[in-house]
Amino acid sequence: VPASDTRTVGELLADCDALARDTLLDVGPNTGPAMARAWGEVVQSAAQLWAVLPPASLAPASGPDPMVRLRVLGEGLGRSTAGRWPGPGPQDQRLLEIARNLSDTRELVERYGRDVQPTIDPEMTDRLTARLDASQVAWSRLAKRWGELTSPDSRPDPALARAAGEVRAAIAATASTPTGWATSDQIASRGDLNRTLRSLHLSIVGAVDIAHVAREVAATQPTLTAPARVIAMRAQGEAEIAREQGVNAYDGITWATSPQIATNQLIPLPGPVHRGLVNLTSDVIATCNQAVATAAPLDPSESAQPKKSGPPPALRRSGQDRTMRPQERASEGFRR
Amino acid sequence: VGMEQMDTEVVETVAGVARLLRHAAELAWTQADVAGPRSSRQLLALGIDSAADEASNLLPRRDRLDGPTPVGDNPAELLASAEQLLRRICVVGAPSRLFGLRVLVAELVWEANTGAGK
Chain A
-16 VPASDTRTVG ELLADCDALA RDTLLDVGPN TGPAMARAWG EVVQSAAQLW
34 AVLPPASLAP ASGPDPMVRL RVLGEGLGRS TAGRWPGPGP QDQRLLEIAR
84 NLSDTRELVE RYGRDVQPTI DPEMTDRLTA RLDASQVAWS RLAKRWGELT
134 SPDSRPDPAL ARAAGEVRAA IAATASTPTG WATSDQIASR GDLNRTLRSL
184 HLSIVGAVDI AHVAREVAAT QPTLTAPARV IAMRAQGEAE IAREQGVNAY
234 DGITWATSPQ IATNQLIPLP GPVHRGLVNL TSDVIATCNQ AVATAAPLDP
284 SESAQPKKSG PPPALRRSGQ DRTMRPQERA SEGFRR
Chain B
2 VGMEQMDTEV VETVAGVARL LRHAAELAWT QADVAGPRSS RQLLALGIDS
52 AADEASNLLP RRDRLDGPTP VGDNPAELLA SAEQLLRRIC VVGAPSRLFG
102 LRVLVAELVW EANTGAGK
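Chains as they are written, first to last, in the numbering used here: chain A, -16 to 319; chain B, 2 to 119.
Quick look at the structure:
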């Protein structure tokens, strides 16, 4: 690991996750060959990291190790790419960076893993609090943007409204009093802190998935519409931001006609408005990833158990499949 | 009585309530943003948002919700206005969801005037 690289294991893995998602967003016929050439290195690095991570459970694995199959597939693809398609050529740089990150992670685990204890120190709490604050601000900005693009006549998805009501009721019951937030002692007396910790970690990790879905919808959904007046205002603002960043493609374009503005007609989102949403969502993703990396020590489902030697549970393998299927989720779309 | 059977006056009143609540939610979120990411005002803003959603969903899809933005910059006062409007239409025989919304808004009025939202 280069001395200048100060990333933690959690941050390295979070970067891998972000790079993999970015790579999948750009997949096309032209990028396939370079990705195929780099795939073997990614799998090899992943398998080497997998080998040094202790299993999540001491019980015998209930099924075949998925890494074995991946490794076999990777080696087969490696032989194929060297001999036939796609032949010699450049490798995808993002996949190579993922491979490097995975190798650096393995080195860190080998070097420090066995000395690390699963503790939650006050400094970690402060860092995580700051990350969550930043994430909350980014989400709030994004929510406000989606909100202003919503037609005044639209109806919210009842399931979403119900879920929001339940979240509010849960927060009020556990963390609120008639005069503001409850004290930490009050909160501790009202619920199971270990379960809360697990839920918090799951929520932080889940937020990354949701943020990626939001970005994909913002970037690729052609059916999004919004009232003409807000589109005219937002598109102009985003075009000016783009110009400041050296993008002149939006100069001189009228985004909504006078009749459309007069009747506040619903019209498709133009490029700059998509761009603004994508940029705001990218901020959300970045802050969520930082929170995930900082919260890695909260990962253990048995975090309250007595300390024992070995890498922190955050570094353990998990058989859980949290693979996102963007197309499926994106197709659900936004109702409002 | 189902929501589809509401007469025109009731529908217009509920649309007015929805606009009042939506505007109150916008103001409450702005106040929460100004107060910072750990502000307890978020809870009130989320509650008003939920009430506005419920009011919108009470109306049949064919009815339009757009209209003049309500005057006022105090979420508590806008909530109180919404509650007064609801009181006028929550009469015997009105849909039960209308009564539920009135209870929700009344709780939010109390919360905005006494608790975290102030």
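Every residue, glycine too, gets a C-beta built ideally from N, C-alpha and C. Note that the structure is a prediction, hence the values are computed from the model and not measured.
Under 8 Å between C-beta atoms of residue i and residue j
i, j, result
"A/D136", "B/L66", "yes"
"B/P61", "B/L21", "no"
"A/P253", "A/L207", "no"
"B/V18", "B/A77", "no"
"B/L125", "B/V15", "Given a span of 2 to 119 for chain B in the structure shown, any question on residue 125 of chain B remains unanswerable."
"A/W164", "B/S41", "yes"
"A/D116", "B/R103", "no"
"A/A144", "A/D75", "no"
"A/L132", "A/V267", "no"
"A/T270", "A/R114", "yes"
"A/G(-7)", "A/A276", "yes"
"A/S265", "A/R198", "yes"
"A/A155", "B/L44", "yes"
"A/L260", "A/A201", "yes"
"B/R105", "B/A52", "It should be pointed out that residue 105 of chain B corresponds to Leu in this sequence rather than to Arg. Yes, the Cβ-Cβ distance between B/L105 and B/A52 is below 8 Å."
"A/A225", "A/R258", "yes"
Residue-level contact to chain A via CB, residue i, 8 Å cutoff
i, result
"B/R62", "yes"
"B/S51", "yes"
"B/N58", "yes"
"B/G101", "no"
"B/S41", "yes"
"B/L44", "yes"
"B/E55", "yes"
"B/L80", "no"
"B/D74", "no"
"B/L109", "no"
"B/V28", "First, the residue type needs correcting, since residue 28 of chain B is Leu and not Val in the sequence shown. It does not: the Cβ of B/L28 has no partner Cβ on chain A nearer than 8 Å."
"B/P71", "no"
Interface flag, residue i vs chain B, CB-CB below 8 Å
i, result
"A/L298", "Because A/L298 sits at a pLDDT of 47, beneath the cut-off of 50, its placement in the model cannot be relied upon, and the following sentence gives the value as read from the coordinates. So, not an interface residue."
"A/Q31", "no"
"A/R258", "no"
"A/P289", "Only weak support exists for where A/P289 lies, its pLDDT of 36 falling under 50; the value from the coordinates is given anyway. Closer than 8 Å: no."
"A/S123", "yes"
"A/Q243", "no"
"A/V120", "yes"
"A/S292", "Low confidence applies here, because A/S292 scores a pLDDT of 40, under 50, leaving its location unreliable; read the following figure in that light. No, because no Cβ of chain B sits closer than 8 Å to the Cβ of A/S292."
"A/R20", "no"
"A/T(-11)", "no"
"A/P135", "yes"
"A/P139", "yes"
"A/D116", "yes"
Boundaries (first-last residue) of the beta strand (DSSP E) holding residue i
i, result
"A/L249", "249 to 251"
"A/A209", "208 to 210"
Extent of the continuous alpha helix (DSSP H) run through residue i
i, result
"A/C271", "254 to 277"
"B/A91", "The sequence given here has Cys at residue 91 of chain B, not Ala. Run containing B/C91: none; DSSP gives neither H nor E here."
"A/P242", "241 to 246"
"A/S118", "105 to 131"
"A/A(-14)", "First-last for A/A(-14): undefined, no H or E at that position."
"A/Y95", "76 to 95"
"B/A46", "42 to 59"
"B/R98", "97 to 115"
"A/G(-7)", "-8 to 8"
"A/S134", "Run containing A/S134: none; DSSP gives neither H nor E here."
"B/R23", "9 to 36"
"A/I154", "141 to 158"
"A/Q27", "15 to 35"
"A/T179", "176 to 203"
"A/R173", "167 to 173"
Worksheet item: Between the stretch 141 to 161 of chain A and chain B, which residues of the former have a C-beta closer than 7 Å to a C-beta of the latter?
Response: P141, A144, A147, G148, R151, I154, A155, S159, P161
Discussion item. Using 8 Å as the cut-off, can you tell me whether the stretch 15 to 29 of chain B makes contact with the stretch 41 to 51 of chain B, which would need three or more C-beta pairs spanning the two stretches below that distance?
Written reply: yes
Worksheet item: Can you find at least 3 beta carbon pairs, one from the stretch 175 to 184 of chain A and one from the stretch 199 to 217 of chain A, that sit closer than 8 Å?
Response: no
Discussion item. Any C-beta of chain A within less than 7 Å: which residues of the stretch 3 to 22 of chain B qualify?
Written reply: none
Discussion item. Taking beta-carbon pairs under 9 Å, can you tell me which members of the stretch 157 to 189 of chain A lie near chain B?
Written reply: A158, S159, T160, P161, T162, G163, W164
Fill in: Under 9 Å (Cβ pairs) to chain A, residues found in the stretch 85 to 100 of chain B
none
Worksheet item: Of the residues that make up the stretch -6 to 15 of chain A, which ones have a beta carbon closer than 7 Å to any beta carbon in chain B?
Response: none
Worksheet item: How do the stretch 20 to 35 of chain A and the stretch 53 to 61 of chain A stand: do at least 3 beta-carbon pairs fall below 8 Å, yes or no?
Response: yes
Worksheet entry | Cβ contact (3+ pairs, closer than 8 Å) linking the stretch 240 to 247 of chain A and the stretch 69 to 88 of chain A | no
Worksheet item: Contact between the stretch 24 to 35 of chain A and the stretch 82 to 90 of chain A: three or more CB pairs below 8 Å?
Response: yes
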